[in-house]
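Notes follow once the structure below has been shown.
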Amino acid sequence: MRVSEPAIAATGLSRRFGQIQALRGVDLRLERGQRLALFGANGAGKTTLLRILGLGLTPDSGSLAIDGMDRKSDALRARARIGWLAHASLLYDDLTARQNLEFWGRLYGVERVEQRTAELLHEMGLDAYVDEPAGILSRGMSQRLSLARALLHDPALLLLDEPFTGLDPRAADALKQRLSKTGSGRTSVILATHRIEDGLALTDRWIMLTRGRVVADGRSAETEAGTVMEAYRASGPPA
């Protein structure tokens, strides 16, 4: 990551789907190593914002740079600096855990991919599952493997879209422990979640989206969950 540049510099991001204005002039600056919780009700614009920040969706208007690289003129290099943990795992069911990571690592051009794969499998507590097909892993283990995939290329920016969905409490706690150590300050993180207490515990800053707008912005360590809940109740689907 470029030390002098923020992980994200976004100004005036807007996006419409038919009659639905999903985002309305969102400004966001995320410093390198910063962790941001993204809160908002279903339809508030969280996934749309993540998709734009991940360069998977083009905004109708606004500017965006990832790690100092413009989304238009330097899209390929910017995209290579992003890691995604989305609803879809992007894992191949017939490949083993090890094979999945080595496959994605080669696509990313990761050096010493076998060593990097082994390190991440160990870090995620998956040593016992390295030769198991991804398709037979539990939801919790699959999420850990997906997180390893997202971290393979040492991204400058990690985007997490509701990573705890479908996990039982034990699996969710295990994933939280892994996320708390992610990046060791090198990787900037945006965590979109409905789990307010977890979002505050895992980040140092939070924002609330309501009808496609940022309506609140605070420091996680200085915020009680009840304060976020008040803003959350006011959030809703795009008008």
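Numbering (the numbering used here), first residue to last: 13 to 251. Each residue gets a CB set at the ideal place from its N, CA and C atoms; glycine is no exception. None of these values were measured; they are calculated from a predicted model.
> Would a check of beta-carbon distances place L62 closer than 7 Å to chain C?
Replying inline: Here there is only one protein chain, and chain C is not present.
>> Nearest by alpha-carbon distance to G66: which of L187, A77, N112, A56 is it?
In response: It is A77 whose Cα lies nearest to the Cα of G66.
>> Going by C-alpha to C-alpha distance, which of G137, L50, S26 sits closest to L70?
In response: In the sequence on display, residue 70 carries Thr and not Leu. Checking every option, the nearest Cα to that of T70 belongs to S26.
> Do the region 46-53 and the region 204-218 touch if we need at least three Cβ pairs shorter than 8 Å?
Replying inline: Inter-segment contact for the region 46-53 and the region 204-218 is present: three or more beta-carbon pairs are separated by less than 8 Å.
> Out of curiosity, what's the CA-to-CA distance linking L149 and Y120?
Replying inline: Looking at the two C-alpha atoms, the distance is approximately 24 Å.
>> Restricting to Cα atoms, I'd like to know which of T129, D79, I219 is closest to L113.
In response: If we check each option's Cα against that of L113, T129 comes out closest.
> Which of the three DSSP states, helix, strand or coil, is assigned to R63?
Replying inline: Collapsing the DSSP output to three states places R63 in a helix.
> Between R83, R93, Y141, G80, which lies nearest to A109 when the distance is taken from Cα to Cα?
Replying inline: A109 has its Cα closest to that of Y141, out of R83, R93, Y141, G80.
> In whole angstroms, what is the alpha-carbon distance linking T222 and G52?
Replying inline: Just so you know, the alpha carbons of T222 and G52 end up roughly 6 Å apart.
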